[in-house]
Amino acid sequence: MQWIGAVIVLTVTTWAGFDMASRFKKRPGHIRQWKNALQMIEAEMVYGQSSLLEVCENLSTHLPKPINKFFEGILNENGVWDDFYSLWSKQLKKHWSLNALSKNEYEILMQFGRTLGQHDLEQQQKQIQLTIHHLDRELHDALEVGDQYQKMAKGMGILSGLLVIILIM
Numbered sequence: 001m002q003w004i005g006a007v008i009v010l011t012v013t014t015w016a017g018f019d020m021a022s023r024f025k026k027r028p029g030h031i032r033q034w035k036n037a038l039q040m041i042e043a044e045m046v047y048g049q050s051s052l053l054e055v056c057e058n059l060s061t062h063l064p065k066p067i068n069k070f071f072e073g074i075l076n077e078n079g080v081w082d083d084f085y086s087l088w089s090k091q092l093k094k095h096w097s098l099n100a101l102s103k104n105e106y107e108i109l110m111q112f113g114r115t116l117g118q119h120d121l122e123q124q125q126k127q128i129q130l131t132i133h134h135l136d137r138e139l140h141d142a143l144e145v146g147d148q149y150q151k152m153a154k155g156m157g158i159l160s161g162l163l164v165i166i167l168i169m
């Protein structure tokens, strides 16, 4: 019976370590998706003269998962579009668990949501470029430490399981 428990403990901790490692692996891709979304927002708003509603419709159909679910959530929201920031922040909080992003990216996107639709096109374009610049910095950091933390998370999952087994037996 003890061996079955030991195998279960080792399996769960190993799975947790590999799950954490997969989040480190997915993070650069998710940052790239957000950068792509911001570039699409810029193109639609500045060059296409589209409204926020039209931009969200286009993004929900053209972007891959999980980011398209964020824009679908904005479209499906029954709230008033007068306060776009509250809608943005509500959907960002709701869909954040689907992303492999860190708290820094969350703050960057919340700040961007605060300014979206609040300025003229020239100022809006500057805000988009600033947000893309911040995400570039985060992407660089994610690529730099990603491999190191992936290996560490896998190892920690296995080793913590072995430690628990040794302490229990």
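The numbering used here numbers the first residue of the sequence shown as 1 and each following residue consecutively.
Note that the Cβ used here is the ideal one computed from N, Cα and C, for glycine as well.
Through-space distance from residue j to residue i, alpha-carbon basis
| i | j | result |
| --- | --- | --- |
| Glu105 | Glu138 | 7 Å |
| Val46 | Leu59 | 15 Å |
| Cys56 | Glu44 | 10 Å |
| Asn68 | His62 | 8 Å |
| Gln111 | Glu122 | 18 Å |
| Gln33 | Met40 | 10 Å |
| Gly113 | Gly17 | 33 Å |
| Gln125 | Arg23 | 31 Å |
| Lys103 | Gly48 | 32 Å |
| Ser89 | Met152 | 33 Å |
| Gly5 | Asp19 | 21 Å |
Burial state of residue i, where buried means 16 or more other Cβ atoms lie within 10 Å
| i | result |
| --- | --- |
| Met1 | exposed |
| Arg27 | buried |
| Glu54 | exposed |
| His30 | buried |
| Leu101 | buried |
| Thr13 | buried |
| Leu98 | exposed |
DSSP state of residue i mapped onto helix, strand, coil
| i | result |
| --- | --- |
| Lys25 | helix |
| Asp83 | coil |
| Asn99 | coil |
| His62 | helix |
| Leu139 | helix |
| Glu72 | helix |
| Gln91 | helix |
| Gln39 | helix |
| Ser50 | coil |
| Leu116 | coil |
Sub-7 Å separation of residue i and residue j beta-carbons
| i | j | result |
| --- | --- | --- |
| Val7 | Val164 | no |
| Ile128 | Leu38 | yes |
| Lys35 | Ile168 | no |
| Ala21 | Gln148 | no |
| Gly117 | Leu52 | yes |
Practice task
Could you say if the segment 94 to 102 and the segment 59 to 78 meet the contact criterion of at least three C-beta pairs nearer than 8 Å?
Solution key: Because the criterion of three Cβ pairs below 8 Å is met, the segment 94 to 102 and the segment 59 to 78 touch.
Practice task
Taking 8 Å as the threshold, find out whether the segment 154 to 161 comes into contact with the segment 129 to 143 through three or more Cβ pairs.
Solution key: Short answer: they don't touch.
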